[in-house]
Amino acid sequence: MSQKNRLPRGGRIDRTRPLDFTFNGQRFQGCAGDSLASALLANGVDIVGRSFKYSRPRGIVAAGAEEPNAVLQIGASEATQIPNVRATQQALYDGLVASSTNGWPSVDTDLMGILGKVGGKLMPPGFYYKTFMYPSSLWMTYEKYIRKAAGLGRAPLENDPDIYDHMNRHCDVLVVGAGPAGLAAALAAGRSGARVILADEGEAFGGSLLDTRETLDGKPAADWVEQVLAELSSLPEVTLLPRATVNGYHDHNFLTIHQRLADHLGETAPRGALAQQLPRQRMHRVRAGRVVLATGAHERPLVYGNNDVPGNMLAGAVTTYLRRYAVAPGKKLVLATNNDYAYRTALDWLDAGLQVVAVADVRHNPRGSWVEDARARGVRVLTGCSVIDVRGSKRVEAARVAAIDAVAMKVTSPGEWLECDLVASSGGYSPVVHLASHLGGRPTWREDLLAFVPGEGFQKRLCAGAVNGVFSLGDALADGFEAGATAAAQIGYKPGAGELPRTEKRVEEPPFPLFQVPHEKPTARAPKQFVDLQNDVTAAGIEQATREGFESVEHVKRYTALGFGTDQGKLGNINGLAIAARSLGIGIAEMGTTMFRPNYTPVTFGAVAGRHCGALFEPVRYTAMQAWHLRNGAEFEDVGQWKRPWYFPRSGEDIHAAVARECRAVRSGVGILDASTLGKIDIQGPDAREFLNRVYTNAWTKLDVGKARYGLMCKEDGMVFDDGVTACLADDHFLMTTTTGGAARVLQWLELYHQTEWPELKVYFTSVTDHWATMTLSGPKSRELLSKVTDIDLDRDAFPFMSWKEGRVGGVPARVFRISFTGELSYEVNVQADYALGVWERLIEAGKPYDLTPYGTETMHVLRAEKGFIIVGQDTDASVTPDDLNMGWAVGRNKPFSWIGWRGMNRADTLREDRKQLVGLKPVDPQKVLPEGAQLVFDPKQSIPMTMVGHVTSSYMSATLGHSFAMGVVKGGLKRMGERVFAPLVDGSVIEAEIVSSVFYDPKGERQNV
């Protein structure tokens, strides 16, 4: 296949290994070592996408992470697709499939492109806010079409076949960036013996040294890179991480590194030894003693008319494609610059045998070494000039060069149109200060550099090389070596010796401040001058934002979208800030930068999750009796992370028949429940009792050892948060039980208040949920059964309700609690989980003469609801107080310390008599079961929308009561006993119910106290 822009020689590619790939359905060929971007350019692909807002055709601009346009969809199948991948950072592999993220019916012919011609007038900054406010009735319609048009890329709809993982690391020195400064820093730190990690986002280490014209010790710079890497690889304490982007710098020198392990190998990660699936990407979580930021700098484009037409590129990117990939993205070059470094591109272009039409340098008398080299080779240098406009629709056809007065923002000559197919611009360099700013450090403006550099750091870090404002190669190497040695010394290592390579001495002149090229017309009427190419932010848009009163840099950002999304201001930030500052009549330093936040570049959700997905994210938990439950035909339900037996069907039984049988067995004989999943928190310390007083609504000061008490826990707003029974094991030792699904959040809640509000209290919490298995015997025959297998005195007077005892059950040490969630005589047997299955089987065997019946959670729900016992999360919804639940008896209103939620319960709103309150509901037709969640009304004939007065929280058919029953919350329900409510259903029918007490069974509690 023809690669019309591939140079016949040079580059760091392997021409003997051709690679086929597909872009927008068309097949192309590249070479091993290509990036997807270089392969597209080699094949003459001009348009890679359409712009975000105006749907203008866009081509490749840069060669690295700063690329704003070539953001593509990668992957052939739905499952393997990855959106928003920069073509400049995607290594080419055989069979790669890529497509543009927008453009219909094609990226070359996009019907939305009409906006690109008139969009500046019809869609200015704030367009959506101003246009779609009225009428509010059409908001849903607006949103539908706006969302359809917005966004870049599409999230895949199928499961990802790859795996991802995390790795926790510690090091003495983390070096971020493997350009000249980074390599020198790693070398200095590595030679000291320190543990060093060197991470770089590129496919290969070396940064600018991989394509520079400069030499080191008279040899190609790439030779020195190979020499350094060989030495670093031989040092046992040095770890090299290529294709690894340091995306976040967090407190205490904690950094996250996103490494693309297999993205360069194929559509999915290959399999390794033993056919194991290898991870596609890895997230390194690094704790570093010292950090050396050698993140380099991004070249800034010049802002001139139509600077977004394909064929407008960064000068440095052109050099990279020429020298690293042997690709010439054009034939005739016009170069626009304000600095010396861009002239290297002109020289590289000439070396490739191509034509440099002209160099437009805004400076009036540039005399640097690179400038003189270009002149010596016959390059036409137009001083005091710049490219002010470009002609072409889908590709640059010509550039207009004119004399300008950059200070007065005027064009001072008619200029001339120069025929060309490539315009390379360089407006100076912007140090990559993002990581240095992640913890709030504000960059400092350097007028001599026309750039921001990292400000004072809160972290234990050093900066080196271009990010530090040191741009010349020799100085960058020295700066990096010194930073690496200093970092190692600060940790306690003796810096290693060594000499740096010699570099060429060159005369370098400072850049001229040019952040926007003037035009004859005012900015608002001139051809579009794009500042942020990814977000379609123009110079006119920034000026308009300041005219409309947006003066803060953060407000300008949000109004115009400058630096939004994955761009993070890499190319356009400084130019945008300078334009805003000039519009406001202030300096750039006073304008300041926007806040940079992690992530520096996009990170896949797979890498964020790692292997914490499926069972590793939400592990399935089983009780010690799981094997027995499976053998005996249990059906299971998920409760939190636990698999709990739902019911135990016998032959021919459905759930309703099985639950009815289990309920009758508990009420008339004895049943056994696996209650091991209840949350259990061991609380110890001299202030444990005081702590319980503060977190529970009732009093705990006088609870005796050997006793247990039911308690409610509220959030600050007075709403019920959790409930459970807590037993006093000793004066300074308690065992708290919580709901199954609430165990983790209750423990977190206790720790939160202890650590942040009451750190003076000496109290300690330990989760022991998994340590203890719980078997509940319930029913009138439970005492008789348990007595057969225990040495504990179970006499009523010796072992009263709401107390506990230690002894042996089935020969195993146990704690037995006399607590009931069914309203029947009950015992909760707690043993160490390792012994639980044996004890369970012993109880089952001993229970055969009593027809011991295992029952599940569904039966438990029916039994507890018959007694009016609540389940937090089912009968509560974070909007009910203890009083709403008619549980004021569990509130200690005279406690000396204001417990959590006391103030919330005593607000005027929570004291209203018409609040929704928990009541019982008895359907008039005893065979009709109210659907849980059904809304309740007082007037079933009211027209829609009806006035809802509550809803059903729990509803069952009761084999014990002989009719259906329910619990629900009803406005003012506690004073409406005997009144009727109605539940209108979806099918048009209505169920009528009487408001009654929520306690349907044994209202005096006689059965649990026998």
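In our numbering, the protein residues as written are 8 to 1017. Don't be surprised by glycine CBs; every beta carbon is placed ideally from N, CA and C.
Going straight from the alpha carbon of residue 654 to that of residue 633, what length do you get?
13 Å
Based on the DSSP output, what are the partners of residue 147 in its beta bridges?
In DSSP, residue 147 forms no bridge with anything.
N-terminal and C-terminal residue of the alpha helix (DSSP H) that residue 187 is part of:
187-198
So for residue 856, helix, strand or coil by DSSP?
helix
Relative to the C-alpha of residue 374, which candidate in 866, 206, 516 and 793 has its C-alpha closest?
516
Considering only the beta carbon of each residue, do residue 833 and residue 784 sit closer than 8 Å?
yes
Contact check, residue 22 vs residue 180 under 8 Å by CB: the rounded distance?
With 8 Å as the limit, residue 22 and residue 180 do not qualify as a contact, their Cβ atoms being about 39 Å apart.
DSSP three-state call for residue 972: helix, strand or coil?
strand
What alpha helix (DSSP H) runs, 4 residues minimum, are completely inside the segment 541-581?
546-554 and 560-567
Spell out the partners DSSP gives residue 170 in its beta bridges.
286
From the DSSP output, read off the bridge partner residues of residue 861.
679
If contacts are defined as beta-carbon pairs under 8 Å, then residue 687 and residue 811 qualify, I think. What distance do you get, rounded to the angstrom?
Rounded, the Cβ-Cβ distance is 13 Å, inconsistent with contact.
Are the Cβ atoms of residue 312 and residue 473 separated by less than 8 Å?
no
According to DSSP, residues forming a beta bridge with residue 837
781 and 822
Is the separation between the beta-carbon of residue 368 and that of residue 388 shorter than 8 Å?
yes
Is the CB-CB distance between residue 936 and residue 971 below 8 Å?
yes
Beta-ladder partner(s) of residue 266, from DSSP
251 and 289
Between the segment 225-245 and the segment 345-361, are three or more C-beta pairs nearer than 8 Å?
no
I want to know whether the segment 713-722 touches the segment 612-630 - three or more CB-CB distances under 8 Å.
no
Range of the contiguous beta strand (DSSP E) that encloses residue 998
997-1003
For residue 175: DSSP bridge partner residues
292
If you follow the alpha helix (DSSP H) that residue 700 is in, where does it begin and where does it stop?
695-702
Tell whether a beta-carbon distance below 8 Å holds between residue 336 and residue 578.
no
Whole angstroms is fine: what's the gap from residue 698's alpha carbon to residue 503's?
56 Å
Beta-carbon separation of residue 102 and residue 332 under 8 Å?
no
Rounded to a whole number of angstroms, what is the C-alpha to C-alpha distance between residue 849 and residue 1010?
34 Å
Alpha helix (DSSP H) containing residue 342: first to last residue?
Careful: residue 342 lies outside any alpha helix (DSSP H), inside the beta strand (DSSP E) at 339-344.
List the whole-angstrom C-beta distance separating residue 274 from residue 87, where the pair is believed to meet the contact cut-off of C-beta under 8 Å.
5 Å
Residue range of the unbroken alpha helix (DSSP H) whose run includes residue 635:
633-638
If you compare alpha carbons, which of 726, 361, 528 and 202 is closest to residue 491?
202
Roughly how many angstroms lie between the CA atoms of residue 484 and residue 161, to the nearest whole one?
42 Å
Cα-Cα separation between residue 513 and residue 376, rounded to whole angstroms
6 Å
Mind listing, in chain order, the continuous beta strand (DSSP E) runs of no fewer than 3 residues lying wholly within the segment 46-118?
78-81, 89-93 and 103-107
Have a look at residue 251 and residue 327 and give me their C-alpha separation to the nearest angstrom.
20 Å
Simplified DSSP state of residue 897, which is helix, strand or coil:
helix
Since I believe residue 289 is in contact with residue 207 (beta carbons under 8 Å), could you give me their beta-carbon distance rounded to a whole number of angstroms?
Actually they are not in contact, since the Cβ atoms of residue 207 and residue 289 sit about 15 Å apart, beyond 8 Å.
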